[in-house]
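Just so you know, we're using the working numbering here: the sequence shown kicks off at 14 and counts up by one. Here's the structure, in structure tokens; my notes come after.
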Amino acid sequence: MLKLKTDRKVKIHLPKIHLSSREKDFSLGQLLVFGLVFAGIGGYFLWQAFAATPGFVPETGRFYLTHAEIDVMKQNIANKAWAKTAWQNTLNQANSALTAGANVPDPTKDYTERTTTDCLGEKRGWHNCLYLPGMNNGHQVRDLALAYAVTSDIKYGNKAKEILLAWATKYNPQTPSSKIGHYVAEPVGFMLKGFMAY
14 MLKLKTDRKV KIHLPKIHLS SREKDFSLGQ LLVFGLVFAG IGGYFLWQAF
64 AATPGFVPET GRFYLTHAEI DVMKQNIANK AWAKTAWQNT LNQANSALTA
114 GANVPDPTKD YTERTTTDCL GEKRGWHNCL YLPGMNNGHQ VRDLALAYAV
164 TSDIKYGNKA KEILLAWATK YNPQTPSSKI GHYVAEPVGF MLKGFMAY
């Protein structure tokens, strides 16, 4: 039983969950507490693993790299084989993105799961017409922004800006609540990657 502080007593009865005939019944509250404890322990060990990494700058709540982190990236690229390989892959992707254009979906279309409005000839409108273009452009601007941050070559920054501005000015659904496909694909398609690049 959980008691909440109010001007009157409130009792909340959480259901019991029966795992098997040989195991004990656990209440939902007990399972929640166990889950939180294990998540906390796991988070602590993950934090310790990252904190032990040379050059780790513990900041939270952000999608950007600090100047110190970019300096560590540059040092790693110069001195570590794994970083050189990762950097070369990122730079190759950024160079490919220099010739790409923004593939901004029509914000007025209704991209539902089984819509007949589909840009690839399939009945998966939000995935093909909204998510994939956003994901691809999102990866491109992220790679361009990283290339600009590491090399200071303005061509990467200008191309990232061009794609970001195309999405900011052309993709602006006026009534997203009536077009549920936009809610599905926006955040994981372009938005988060665009935020990282910005």
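Even glycine gets a Cβ: it sits at the ideal position worked out from N, Cα and C.
> Between V163 and K87, which are expected to be in contact by the criterion C-beta below 8 Å, what is the C-beta distance as a whole number of angstroms?
Replying inline: Taking the first residue of the sequence shown as position 1, residue 163 is located at position 150. Taking the first residue of the sequence shown as position 1, residue 87 is located at position 74. Confirmed, about 6 Å.
>> Rounding to the nearest angstrom, what Cα-Cα distance links G74 and T112 in this structure?
In response: What you label residue 74 is simply residue 61 of the sequence shown in a count that begins at 1. What you label residue 112 is simply residue 99 of the sequence shown in a count that begins at 1. Model confidence at G74 stands at a pLDDT of 46, short of 50, so the residue's coordinates are unreliable; what they give is reported in the following sentence. Cα to Cα, G74 sits roughly 33 Å from T112.
> In or out: W95 buried (at least 16 other Cβ within 10 Å) or exposed?
Replying inline: As a working note, residue 95 is residue 82 in the sequence shown. It is exposed - the Cβ of W95 has fewer than 16 other Cβ atoms within 10 Å.
>> On a Cα-Cα basis, can you pick out the residue from A173, T182, P120 that is closest to A158?
In response: Here residue 158 refers to the residue found at position 145 of the sequence shown. Nearest of A173, T182, P120 to A158, Cα basis: A173.
> Which one of G170, Y144, A81, A181 has the shortest CA to CA distance from D156?
Replying inline: In the sequence shown, counting from the first residue as 1, residue 156 sits at position 143. Looking at the Cα atoms, G170 is the closest of the given residues.
> Can you tell me whether DSSP reads V117 as helix, strand or coil?
Replying inline: Walking along the sequence shown from the start, residue 117 turns up at place 104. Coil.
> Does DSSP put D166 in a helix, a strand or coil?
Replying inline: Sequence index remark: in the sequence shown, residue 166 carries index 153 (1-based). Residue state, collapsed to three classes: coil.
> Can you tell me whether DSSP reads R75 as helix, strand or coil?
Replying inline: Reading the sequence shown from its first residue, position 62 is the one you call residue 75. A caution first: R75 carries a pLDDT of 48, below 50, which makes its placement in the model unreliable, though a value can still be read off. Coil at R75, not helix or strand.
> Just curious, the alpha helix (DSSP H) that T98 is in, first and last residue?
Replying inline: Reading the sequence shown from its first residue, position 85 is the one you call residue 98. Taken as a continuous stretch (DSSP letters only), the alpha helix (DSSP H) holding T98 covers 94 to 110.
> Helix, strand or coil: how does DSSP classify K172 here?
Replying inline: Within the sequence shown, the letter at position 159 stands for residue 172. In this structure, K172 counts as helix in the three-state DSSP scheme.
> Which residue from Y77, L177, V117 puts its Cα closest to that of Y184?
Replying inline: Residue numbering aside, residue 184 sits at position 171 when the sequence shown is read from its first letter. Comparing Cα positions, the closest option is V117.
> Is it the case that the Cβ atoms of A107 and N150 are separated by a distance below 7 Å?
Replying inline: In the sequence shown, the residue the question calls residue 107 occupies position 94. In the sequence shown, the residue the question calls residue 150 occupies position 137. Going by C-beta atoms, A107 is not nearer than 7 Å to N150.
> Between the C-alpha atoms of L145 and H152, what's the straight-line distance to the nearest angstrom?
Replying inline: Translated into positions along the sequence shown, residue 145 becomes position 132. Translated into positions along the sequence shown, residue 152 becomes position 139. When rounded, the distance between both Cα atoms is 11 Å.
>> Report the CB separation of A160 from L104 in whole angstroms; it is logged as a contact under 8 Å.
In response: Sequence index remark: in the sequence shown, residue 160 carries index 147 (1-based). Sequence index remark: in the sequence shown, residue 104 carries index 91 (1-based). The pair is a contact, with the Cβ atoms about 6 Å apart (cut-off 8 Å).
> Applying the criterion that 16 or more other CB atoms from any shown protein chain within 10 Å of the CB defines a buried residue, is H80 buried or exposed?
Replying inline: Start at 1 with the first residue of the sequence shown, and residue 80 comes out as number 67. It is exposed - the Cβ of H80 has fewer than 16 other Cβ atoms within 10 Å.
> How many Å lie between A110 and I176 at the Cα?
Replying inline: As a first step, residue 110 is located in the sequence shown; it is residue number 97 there, counting from the start. As a first step, residue 176 is located in the sequence shown; it is residue number 163 there, counting from the start. Distance between the alpha carbons of A110 and I176 is about 10 Å.
> Roughly how many angstroms separate the alpha carbons of K122 and A179, rounded to a whole number?
Replying inline: Here residue 122 refers to the residue found at position 109 when the sequence shown is read from its first residue. Here residue 179 refers to the residue found at position 166 when the sequence shown is read from its first residue. Whole-angstrom Cα-Cα distance: 18 Å.
>> Please report the distance separating the alpha-carbon of I83 from that of N102.
In response: If you number the sequence shown from 1, residue 83 lands on position 70. If you number the sequence shown from 1, residue 102 lands on position 89. Going by the C-alpha atoms only, they are around 17 Å apart.
> In whole angstroms, what separates the C-alpha of K97 from that of N141?
Replying inline: Position 84 of the sequence shown, counting from 1, holds the residue named residue 97. Position 128 of the sequence shown, counting from 1, holds the residue named residue 141. The straight-line gap from Cα to Cα measures roughly 34 Å.
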